[in-house]
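Working notes for the structure below.
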Amino acid sequence: MIHWPRLHRSPIRPLLGCLPFLALFLWGASAVGAITGFDETALPRLVDQGDARIRLFFTEPPELVTPDHLTSERAMVELIEAARHEILFEAYYIQKNLSPRFVRALDRAARRGVAMRIILAELTHKDEQYAAELAAFPNVQVRFLDLKKDSFLYGAVHTKTIIVDRRFSTFGGVNYSYMGLNENRETNVLIDDERVAATLRALFDHDWAKAGGETQSPPEIPTVPRAGPLDFLIVEAAPAGLNHPAVPNLQPALIAMIRQAKREIVYEIDYYTAFGGIHEELLAAAARGVEVTLLIEERSWSDPNPLYEPARQAIRALAGSPVRARIWSLAPYGRIFNRGMMHSKAMVVDGDLIFIGSNNISKSGLLYSRELGVIFRSATLGRRLLAVFRRDLADPLALDVATFLTVRPLYEVPRSDAEGKNKTIRLIDGRTLRPFRTIEVQNRRVVRVIDHASLVENLGEK
1 MIHWPRLHRS PIRPLLGCLP FLALFLWGAS AVGAITGFDE TALPRLVDQG
51 DARIRLFFTE PPELVTPDHL TSERAMVELI EAARHEILFE AYYIQKNLSP
101 RFVRALDRAA RRGVAMRIIL AELTHKDEQY AAELAAFPNV QVRFLDLKKD
151 SFLYGAVHTK TIIVDRRFST FGGVNYSYMG LNENRETNVL IDDERVAATL
201 RALFDHDWAK AGGETQSPPE IPTVPRAGPL DFLIVEAAPA GLNHPAVPNL
251 QPALIAMIRQ AKREIVYEID YYTAFGGIHE ELLAAAARGV EVTLLIEERS
301 WSDPNPLYEP ARQAIRALAG SPVRARIWSL APYGRIFNRG MMHSKAMVVD
351 GDLIFIGSNN ISKSGLLYSR ELGVIFRSAT LGRRLLAVFR RDLADPLALD
401 VATFLTVRPL YEVPRSDAEG KNKTIRLIDG RTLRPFRTIE VQNRRVVRVI
451 DHASLVENLG EK
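Going by UniProt numbering, the sequence shown opens with residue 1, and the numbers climb by one from there.
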């Protein structure tokens, strides 16, 4: 079984005739959006939070599961089971087959009377089955929010947020799907802070009103203080009607993080383009001596949809730059062949400044979709995240960008082994159709990597 360039799950795929809009999209890919400013003094004022009120949780394909990591499934099941009064969900979608434990936890919460409100994206081909089942409970309400009409291109509810009992909040990229909880690489955070929960709840209420066609003034949210210490910084992206003036915008916040880097930036990102100036800022950071490392999902290159051309352009530009970039395909791993992906959206700057969010680096991710993220400081959690990121970067399926662009790899797994615990994965040179790397997996663990030296040496892979 050979994994050819994939056609599935475009994060920015609008259901419209692409070509008339392609020129507009390509123009936007290199333009800095007209987004409100950002107080760059906020970042140095963030106080190290340690790990007392913060829990990182992860999704990893079976081959990368680390026993001491808190899994996305366990973290969210425990959070839902602890709920006593209220659960608020805002997400792209929710599927019934995501996890029996997760579904049981939600059902039990509904049966014990926890008030539950759920906002999902209004998608043309949305899965409404489980949402409809939940909505049958008198204490559960579900609304679908259509953001496509707020942009000429595309917009959707793309955040993946849970708020429980006005105290606990989650941020990250994990979708409520089987892949999101079992096969992808996801990075997420659970924060125990009533002020963080209050801000998220106010934004949720605003989105809830819009989803119901109700007229509502922007909710009261305290502005970020211009002086004094800060614990957390919530950042958002949304269409203009939902952007809140008191909540910093994602695009300038990410740029500020990059500009303040002194030593190192490590960034895992699913879909990466040059839109919004972040690509240029990363190049500039590398040029001034900051060690910049990116790990990018492989489909940012291989998806043939013309709307992925901005990603391909950005990846080409990385090949000759001082940025250390690697392209990672998780398609050969996992229980379901050709489905898992690097879906993480997280960055660590100088070891302790951390961003975890839901947005891709794209026009929809920075302008037109509902996205949420959090920036905080923690040397303890920075070390944990960097350990995960460095493991990911060292994975034999992660290729440096120059090698990737040279060989245009295909991923071959015998059909009989594709979804088993034991498999032989071959990385095939797309030019010659000859293998250049073989990965042997036993009991869902990589036990041997064979580089076919004559090919790899000629490619100069680092």
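The beta-carbon is built from N, C-alpha and C at its ideal position, and this holds for glycine as well.
Alpha-carbon spacing of residue i relative to residue j, whole angstroms
i: PRO248; j: ALA237; result: 9 Å
i: ARG384; j: ASP146; result: 37 Å
i: THR223; j: LEU233; result: 11 Å
i: ARG117; j: THR170; result: 15 Å
i: VAL349; j: ARG299; result: 25 Å
i: HIS279; j: ALA136; result: 46 Å
i: ASP429; j: PHE144; result: 44 Å
i: ARG201; j: VAL374; result: 14 Å
i: LYS96; j: LEU410; result: 32 Å
i: GLY289; j: SER416; result: 48 Å
i: LEU242; j: ALA211; result: 11 Å
i: THR161; j: ALA418; result: 33 Å
i: GLY340; j: ASN305; result: 19 Å
Short Cβ contact (8 Å threshold) for residue i with residue j
i: ILE94; j: ALA109; result: no
i: MET342; j: LEU330; result: yes
i: VAL164; j: ALA105; result: no
i: HIS244; j: PRO218; result: yes
i: VAL266; j: LEU381; result: no
i: VAL407; j: ARG426; result: no
i: SER358; j: GLY180; result: no
Contact test: residue i Cβ vs the ligand NAP heavy atom, cutoff 7 Å
i: LEU433; result: Although the ligand NAP was asked about, the structure shown includes no ligands whatsoever.
DSSP-derived helix/strand/coil call for residue i
i: ALA29; result: Only weak support exists for where ALA29 lies, its pLDDT of 36 falling under 50; the coordinates are left without a value.
i: LYS423; result: strand
i: residue 466; result: Beyond the ends of the chain as shown, which are 1 and 462, falls residue 466; an answer cannot be given.
i: SER72; result: helix
i: ARG195; result: helix
i: ILE255; result: helix
i: ILE327; result: strand
i: ASP451; result: strand
i: ARG117; result: strand
i: VAL77; result: helix
i: ARG55; result: strand
i: ILE315; result: helix
i: LEU282; result: helix
i: LYS345; result: strand
i: TYR130; result: helix
i: ASP107; result: helix
i: TYR333; result: coil
i: PRO100; result: helix
i: LEU250; result: helix
When the options are compared against residue i, the one with the closest alpha-carbon
i: GLY420; options: GLU440, ASP429, GLY430 and ALA246; result: GLU440
i: THR41; options: LEU282, SER321, ASN359 and GLN260; result: GLN260
i: TYR333; options: LEU367, ALA379, ALA398 and PHE275; result: ALA398
i: ASP400; options: LEU295, GLY276 and THR170; result: LEU295
i: ARG166; options: ASN188, ALA198 and ASN184; result: ALA198
i: SER99; options: GLY113, ILE221, VAL77 and LEU56; result: VAL77
i: ALA240; options: HIS452, GLY373, LEU393 and SER369; result: SER369
i: PHE168; options: ALA156, VAL103, VAL196 and ASN188; result: VAL196
i: ARG335; options: ARG53, LEU307, LEU64 and ALA246; result: LEU64
i: LEU190; options: LYS363, LEU56 and ALA284; result: LEU56
i: GLN141; options: GLN216, TRP208, LEU46 and TRP328; result: TRP208
i: VAL114; options: LEU123, GLU128 and ILE80; result: ILE80
i: THR424; options: ASN175, PHE404 and VAL449; result: VAL449
To test your reading of the DSSP string, which unbroken beta strand (DSSP E) runs of 3 or more residues are found completely within the segment 352 to 421? Within the segment 352 to 421, the complete beta strand (DSSP E) segments of 3 residues or longer fall at 353 to 357, 371 to 377, 398 to 400 and 410 to 412, listed in chain order.
Can you list, in chain order, the stretches of the alpha helix (DSSP H) that have 4 or more residues and sit fully within the segment 143 to 212? Within the segment 143 to 212, the runs of alpha helix (DSSP H) that reach at least 4 residues and sit entirely inside it are, in chain order, 178 to 182 and 194 to 211.
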